[in-house]
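What follows is a short report on a single structure.
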Amino acid sequence: MTVVRLPRTATADEHTDVAAELRTVGMVWERELIRFVRTRTRILSSFVQPVLFLFVLGYGMSTLVGTTAGFTFKKFVFPGIVAMSVVMTAIFSAVSIVWDREFGFLREMVVAPVSRMSLVVGKTLGGASIATGQGTIMLVLAPLIGVHLTVALVFEVIGLELLMAVGMTTFGVFVASRIQRIEGFQVVMQLLLFPMLFLSGALFPLKGLPAWLAVITRVNPLTYAIDPLRRVVFAAQHMPPAAAARFSTGVSLFGYSLPVSAEVGFVCAFAAVFLALAVAGFGRPE
Amino acid sequence: MTATSPTAAPLGAPPPVPGGGGPAVEAARLTKRYGDIEAVRDVSFDVGRGEIFALLGPNGAGKSTTVKMLCTLARPTGGRAAVDGFDVARQPKAVRRRIGLVFQEQTLDDQLTAEENLRFHAVLYRVPKAEVDARIARVLDLVALTDRRQALVSTFSGGMARRLEIARSMLHTPAVLFLDEPTVGLDPQTRALMWEDVTRLRREEGVTILLTTHYMDEAEYADRIAIIDHGAIVALDTPEALKGQVAADTVELTTGDDSLATSRLAAAGFRVRLGQDGVVVFTPDGEAHVARLIDIAGVSVRNVHVHRPTLDDVFLHFTGRQIREEHADRALSMRMRARARRR
Ligand SMILES: Nc1ncnc2c1ncn2[C@@H]1O[C@H](COP(=O)(O)OP(=O)(O)O)[C@@H](O)[C@H]1O
Ligand SMILES: [Mg+2]
Chain A
1 MTVVRLPRTA TADEHTDVAA ELRTVGMVWE RELIRFVRTR TRILSSFVQP VLFLFVLGYG
61 MSTLVGTTAG FTFKKFVFPG IVAMSVVMTA IFSAVSIVWD REFGFLREMV VAPVSRMSLV
121 VGKTLGGASI ATGQGTIMLV LAPLIGVHLT VALVFEVIGL ELLMAVGMTT FGVFVASRIQ
181 RIEGFQVVMQ LLLFPMLFLS GALFPLKGLP AWLAVITRVN PLTYAIDPLR RVVFAAQHMP
241 PAAAARFSTG VSLFGYSLPV SAEVGFVCAF AAVFLALAVA GFGRPE
Chain B
1 MTATSPTAAP LGAPPPVPGG GGPAVEAARL TKRYGDIEAV RDVSFDVGRG EIFALLGPNG
61 AGKSTTVKML CTLARPTGGR AAVDGFDVAR QPKAVRRRIG LVFQEQTLDD QLTAEENLRF
121 HAVLYRVPKA EVDARIARVL DLVALTDRRQ ALVSTFSGGM ARRLEIARSM LHTPAVLFLD
181 EPTVGLDPQT RALMWEDVTR LRREEGVTIL LTTHYMDEAE YADRIAIIDH GAIVALDTPE
241 ALKGQVAADT VELTTGDDSL ATSRLAAAGF RVRLGQDGVV VFTPDGEAHV ARLIDIAGVS
301 VRNVHVHRPT LDDVFLHFTG RQIREEHADR ALSMRMRARA RRR
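In order, the protein sequence lines correspond to chains A and B. Residue numbering for the first sequence follows the working numbering, starting at 1 and increasing by one per position. Residue numbering for the second sequence follows the working numbering, starting at 1 and increasing by one per position.
Listed below in structure tokens is the structure:
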């Protein structure tokens with residue numbers, strides 16, 4: 001019969017070593033970037049798709065919508081397309097957890113003596129960095145569309161992209177930690193990502209919508225991430241009042257127009273909630 | 001995974017011995033239920049420091065579940081276990097930092113190079129920065145992969161990937177190395193190489209090794225073997241002692257008159273059977289008896305073959321069943337599928 005002795009006192013072992021956890025965050029982040037750089041098809045597809053949308057929608061719809069006081073639909077939709085590229089890249093990065101699981105690497109991470117928080121934060125920052133980079137690259141198309149950029153605007157856009165990317169990556173990590181099989185990924189894309197994108201105000205103004213659509217856009221968290229981006233971009237453009245009325249920005253809730261700070265607050269809260277959920281769902285022991 | 005606070009030593013308890021004076025692994029009545037299935041039942045054993053200890057059993061016997069509990073990846077539903085003196089339920093992080101793990105399924109990132117996989121591991125297991133380069137060089141040398149350091153893991157063969165995993169598991173100088181079916185799906189040559197690696201790890205790094213296998217021939221590399229079947233240990237001893245418990249050697253005699261030899265040996269009190277190709281005698285210590293057997297048979301003997309019991313026989317003896325090849329084939333095809341998907 002085996003006798004188990006008194007357990008050893010776990011000196012420093014069970015304490016959280018902040019420096020070590022930060023190194024873990026950095027390492028997980030670095031891995032995301034290495035993997036992204038190594039898969040050229042991913043870089044290409046997350047660039048080509050939004051560009052395609054920009055030209056098809058921008059030019060195609062412009063003729064239909066027409067120009068209001070010199071302001072075109074292309075200009076209106078441009079911030080939405082930038083956001084779209086950020087969101088898609090963020091979700092793709094986050095959902096790579098499904099691949100990590102399929103190929104076993106997830107296990108290497110979750111059995112390590114580090115906190116799940118560090119792993120999820122590293123993964124999130126990695127995905128968010130890539131997504132922000134992709135969105136920012138889209139800005140090179142701005143002159144082509146006639147969107148005027150200033151240095152200050154570029155920094156504002158990067159900040160908002162980063163916020164949007166963090167929110168969407170934590171959301172993606174949460175969803176991915178619930179997907180057990182690669183096939184589930186397709187379902188997520190079809191049933192979650194595309195509806196969220198199309199019903200977010202990325203592609204149309206949020207005023208004067210039919211009631212059902214207005215409700216859907218208001219409960220869609222992406223709405224509150226995309227609108228601030230459009231607002232800062234438009235603030236830097238010359239917009240006659242007629243154009244501002246036609247291509248309106250801002251989200252109103254119960255007749256109250258939300259300031260940018262409230263929208264940003266919403267997105268922060270959204271990111272925090274899904275960060276917590278993602279950490280809780282990440283590699284639980286059996 | 002839980003954030004466990006450090007357990008205070010009770011007043012008057014002796015201070016913990018550095019490196020823990022006790023055994024490397026202790027399991028006491030370890031039990032794991034999954035719903036109605038009792039995957040592991042009342043499993044108890046100790047593994048001494050520096051020992052190579054094998055859990056031998058067919059697929060579904062509960063080997064992986066036992067390993068998972070010892071590695072803090074599955075919560076025991078009964079019993080207790082400690083690794084390097086730390087309780088697996090109460091001090092999981094301390095346990096994890098002291099163990100190396102190689103799973104049945106591969107856990108490498110094949111889009112990273114060998115070195116990148118190792119660096120990732122070094123950070124997660126807090127290998128001091130100043131030691132990382134030396135440790136990486138050392139573990140790659142241990143498994144003879146030094147020249148593949150910069151290669152992407154996707155270019156590795158199954159055997160190389162396995163050896164890289166073993167190298168990685170040794171990076172943070174663990175006290176105990178757990179290898180779950182380390183050789184499954186590898187060709188015999190690669191399996192032999194793997195065993196060279198494993199025995200070298202023990203010799204040169206002094207690590208305690210607990211491994212699982214369903215290959216009988218492999219269990220003989222171990223110092224001690226626990227035979228596990230349907231979640232319970234049915235025998236635990238050194239390979240030699242286990243074979244000794246399966247009392248008889250078999251001595252096969254091919255003679256000029258097999259039936260006469262059979263009846264004479266039976267008359268002399270031997271357990272004997274007339275087989276198709278000759279006479280089969282069951283007796284302890286067959287080699288010592290050969291001369292006497294030939295003498296008693298009293299007919300011309302063309303051929304003698306003494307067969308010591310193998311672990312196959314041992315398994316059969318303790319469980320009444322053979323570990324069938326089909327298990328090995330299924331495990332093999334599972335691993336092949338896993339690799340195929342990586343492409
Ligand atoms: N997560 C799980 N949920 C339910 N049953 C499980 C789980 N893991 C293992 N089992 C069952 O426990 C038994 C032992 O499994 P396992 O430890 O994997 O065996 P081995 O590694 O010896 O092949 C099997 O019957 C298996 O089906
Ligand atoms: Mg197993």
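Using N, Cα and C, we set each Cβ at its ideal position, and we do this for glycine too. No experiment lies behind these values; they were computed from the predicted model shown.
*Could you confirm whether any beta carbon from chain B is found closer than 8 Å to the beta carbon of A:L277?*
Stepping through the first sequence from its first residue, residue 277 of chain A is reached at position 277. It does not: the Cβ of A:L277 has no partner Cβ on chain B nearer than 8 Å.
*CB-CB under 6 Å to A:W29, same chain, minus the five flanking residues each way: which ones, in chain order?*
Counting from 1 along the first sequence, the entry for residue 29 of chain A is found at position 29. Non-local C-beta neighbours of A:W29 in its own chain, meaning closer than 6 Å and more than five positions away in sequence, comprise G122, L125 and G126, ordered along the chain.
_Contact between the region 110 to 117 of chain A and the region 87 to 98 of chain A (3+ Cβ pairs under 8 Å)_ = Touching, no.
*Thinking B:R41 and B:G231 are a contact (beta carbons under 8 Å), I'd like their distance in whole angstroms, please.*
Along the second sequence, one-based indexing puts residue 41 of chain B at 41. Along the second sequence, one-based indexing puts residue 231 of chain B at 231. Distance from B:R41 to B:G231 at the Cβ level is roughly 4 Å; contact confirmed, criterion being Cβ atoms closer than 8 Å.
*Span of the beta strand (DSSP E) around B:S44*: Along the second sequence, read from residue 1 onward, the residue named residue 44 of chain B stands at position 44. For B:S44, the uninterrupted beta strand (DSSP E) run begins and ends at I37 to V47, by DSSP.
*asked:* Considering just the uninterrupted stretch of the alpha helix (DSSP H) at A:F274, what are its terminal residues?
replied: The residue labelled residue 274 of chain A in the question sits at position 274 within the first sequence. Note, A:F274: alpha helix (DSSP H), V260 to G281.
*Which residues count as close to ligand 1 when the rule is a CB under 6 Å from any of its heavy atoms, in chain order?*
Taking every residue with its beta carbon within less than 6 Å of a heavy atom belonging to ligand 1 gives, in chain order, A:E286, B:Y34, B:I37, B:A39, B:G57, B:N59, B:G60, B:A61, B:G62, B:K63, B:S64 and B:T65.
*Among B:G269, B:A261 and B:P284, which one has its Cα closest to the Cα of B:D277?*
For the purposes of this step, residue 277 of chain B is taken as the residue at position 277 of the second sequence. That would be B:A261, whose Cα lies nearest to the Cα of B:D277.
*Start and end of the beta strand (DSSP E) containing B:A74?*
Working through the second sequence from its first residue, we reach residue 74 of chain B at position 74. Unbroken run through B:A74: none, as it is neither H nor E.
*With 7 Å as the limit, tell me which residues of the region 181 to 195 of chain A have their beta carbon closer than that to any beta carbon of chain B; keep them in chain order.*
So the list is empty, because no residue satisfies the distance condition.
_For a cutoff of 8 Å on Cβ pairs, would you count A:E32 as touching chain B?_
As a working mapping, residue 32 of chain A is identified with position 32 in the first sequence. Chain B, which has no Cβ nearer than 8 Å to the Cβ of A:E32, makes this no.
*Helix, strand or coil: how does DSSP classify B:E220 here?*
Along the second sequence, one-based indexing puts residue 220 of chain B at 220. In the structure shown, B:E220 sits in coil (DSSP, three-state: anything other than H, G, I, E or B).
_Please report the distance separating the alpha-carbon of B:A167 from that of B:D313._
The sequence position of residue 167 of chain B within the second sequence is 167, counting from 1. The sequence position of residue 313 of chain B within the second sequence is 313, counting from 1. Just so you know, the alpha carbons of B:A167 and B:D313 end up roughly 34 Å apart.
*asked:* Assuming the contact rule is C-beta atoms closer than 8 Å, A:A69 and A:A243 should be a hit. Round their C-beta distance to whole Å, please.
replied: Sequence index remark: in the first sequence, residue 69 of chain A carries index 69 (1-based). Sequence index remark: in the first sequence, residue 243 of chain A carries index 243 (1-based). With 8 Å as the limit, A:A69 and A:A243 qualify as a contact, their Cβ atoms being about 4 Å apart.
*If you measure beta-carbon to beta-carbon, which residues of the region 163 to 181 of chain A are closer than 9 Å to chain B?*
If the cut-off is 9 Å between Cβ atoms, the region 163 to 181 of chain A has nothing near chain B.
*Between the beta-carbon of B:D180 and the beta-carbon of B:V67, is there less than 8 Å?*
The residue given as residue 180 of chain B occupies position 180 in the second sequence. The residue given as residue 67 of chain B occupies position 67 in the second sequence. At a Cβ-Cβ threshold of 8 Å, B:D180 and B:V67 count as neighbours.
*Report the residue from B:F282, B:E218 and B:S263 whose alpha carbon sits nearest the alpha carbon of B:D249.*
For the purposes of this step, residue 249 of chain B is taken as the residue at position 249 of the second sequence. The shortest C-alpha separation from B:D249 is found at B:F282.
*Delimiting residues of the alpha helix (DSSP H) encompassing B:T141*: As a position in the second sequence, residue 141 of chain B is number 141, starting the count at 1. First, the amino acid is wrong: residue 141 of chain B is Asp here, not Thr. Per DSSP, B:D141 is one residue of the alpha helix (DSSP H) stretching across K129 to L142.
*Any C-beta of chain A under 8 Å from that of B:T66*: As a first step, residue 66 of chain B must be located in the second sequence, where it is residue number 66. Not closer than 8 Å to any Cβ of chain A, the Cβ of B:T66 fails to qualify, so no.
*With distances taken between CB atoms, is the gap from B:T113 to B:L140 smaller than 8 Å?*
If you number the second sequence from 1, residue 113 of chain B lands on position 113. If you number the second sequence from 1, residue 140 of chain B lands on position 140. Cβ atoms of B:T113 and B:L140: not closer than 8 Å.
*Skipping 5 residues on each side, what residues in its chain have a beta carbon closer than 7 Å to that of A:S177?*
The residue you call residue 177 of chain A lines up with position 177 of the first sequence. Closer than 7 Å at Cβ, skipping near neighbours: I97, A278, G281 and F282.
*Whose C-beta lies closer than 8 Å to the C-beta of B:L11 among residues of the same chain, with five residues either side of it excluded?*
Within the second sequence, residue 11 of chain B is the residue found at index 11, counting from 1. Note on B:L11: pLDDT 38, under 50, position unreliable in the model; the coordinate value appears next. The beta carbon of B:L11 sits closer than 8 Å to none of the beta carbons in its chain outside the five residues before and after it.
*Express the C-alpha separation of B:A130 and B:D201 in angstroms, rounding to a whole number.*
Residue mapping note: residue 201 of chain B aligns to position 201 of the second sequence, counting from 1. Residue mapping note: residue 130 of chain B aligns to position 130 of the second sequence, counting from 1. The sequence given here has Leu at residue 201 of chain B, not Asp. Here the C-alpha atom of B:L201 lies approximately 22 Å from the C-alpha atom of B:A130.
*What did DSSP end up calling B:A297 once you bin it into helix, strand or coil?*
As a first step, residue 297 of chain B must be located in the second sequence, where it is residue number 297. B:A297 sits in a helix when the DSSP states are folded into three classes.
*For the candidate residues A:Q237, A:A272, A:A19 and A:A20, whose alpha-carbon lies nearest to that of A:M168?*
Start at 1 with the first residue of the first sequence, and residue 168 of chain A comes out as number 168. That would be A:A272, whose Cα lies nearest to the Cα of A:M168.
*Applying a beta-carbon distance threshold of less than 7 Å, which residues of chain A neighbour B:T107?*
The residue given as residue 107 of chain B occupies position 107 in the second sequence. Listed along chain A are G104, F105, R107 and E108, each with a C-beta nearer than 7 Å to that of B:T107.
*Tell me B:A54's beta-bridge partners as DSSP assigns them.*
Looking up residue 54 of chain B in the second sequence gives position 54. B:A54 is bridged by DSSP to B:L211 and B:I225.
*is_contact[A:A20, chain B] using C-beta, thresh 8 Å*: Residue 20 of chain A sits at position 20 when you count from the first residue of the first sequence. At least one chain B Cβ lies under 8 Å of A:A20.
*So the alpha helix (DSSP H) A:V187 belongs to, where does it begin and stop?*
On the first sequence, residue 187 of chain A is found 187 positions in, with the first residue counted as 1. A:V187: member of the alpha helix (DSSP H) spanning E183 to V188, first to last residue.
*So, is the C-beta of A:A280 closer than 8 Å to a C-beta in chain B?*
Here the question's residue 280 of chain A lines up with position 280 in the first sequence. No, its Cβ sits nowhere closer than 8 Å to a Cβ of chain B.
*How many whole angstroms separate the CB atoms of B:P182 and B:L211, which I take to be in contact at a CB cut-off of 8 Å?*
Within the second sequence, residue 182 of chain B is the residue found at index 182, counting from 1. Within the second sequence, residue 211 of chain B is the residue found at index 211, counting from 1. The Cβ separation is near 6 Å, so the contact holds.
*Tell me whether the beta-carbon of B:I233 lies closer than 8 Å to the beta-carbon of B:A241.*
Here the question's residue 233 of chain B lines up with position 233 in the second sequence. Here the question's residue 241 of chain B lines up with position 241 in the second sequence. Cβ atoms of B:I233 and B:A241: not closer than 8 Å.
_Helix, strand or coil for B:V25? Go by DSSP, reduced to three states._
On the second sequence, residue 25 of chain B is found 25 positions in, with the first residue counted as 1. Residue state, collapsed to three classes: strand.
*Backbone CA spacing between B:C71 and B:I99 [nearest angstrom]*: For the purposes of this step, residue 71 of chain B is taken as residue 71 along the second sequence, with counting starting at 1. For the purposes of this step, residue 99 of chain B is taken as residue 99 along the second sequence, with counting starting at 1. In a straight line, the C-alpha of B:C71 is about 7 Å away from that of B:I99.
_Strictly below 7 Å CB to CB, what residues from chain A border B:D285?_
Counting from 1 along the second sequence, the entry for residue 285 of chain B is found at position 285. Chain A residues near B:D285: none, gap ~32 Å exceeds 7 Å.
*asked:* So B:S300 and B:T255 are supposed to be a Cβ contact under 8 Å. How far apart are they, rounded?
replied: Counting from 1 along the second sequence, the entry for residue 300 of chain B is found at position 300. Counting from 1 along the second sequence, the entry for residue 255 of chain B is found at position 255. Their Cβ separation, rounded to whole angstroms, is 6 Å, which keeps B:S300 and B:T255 in contact under 8 Å.
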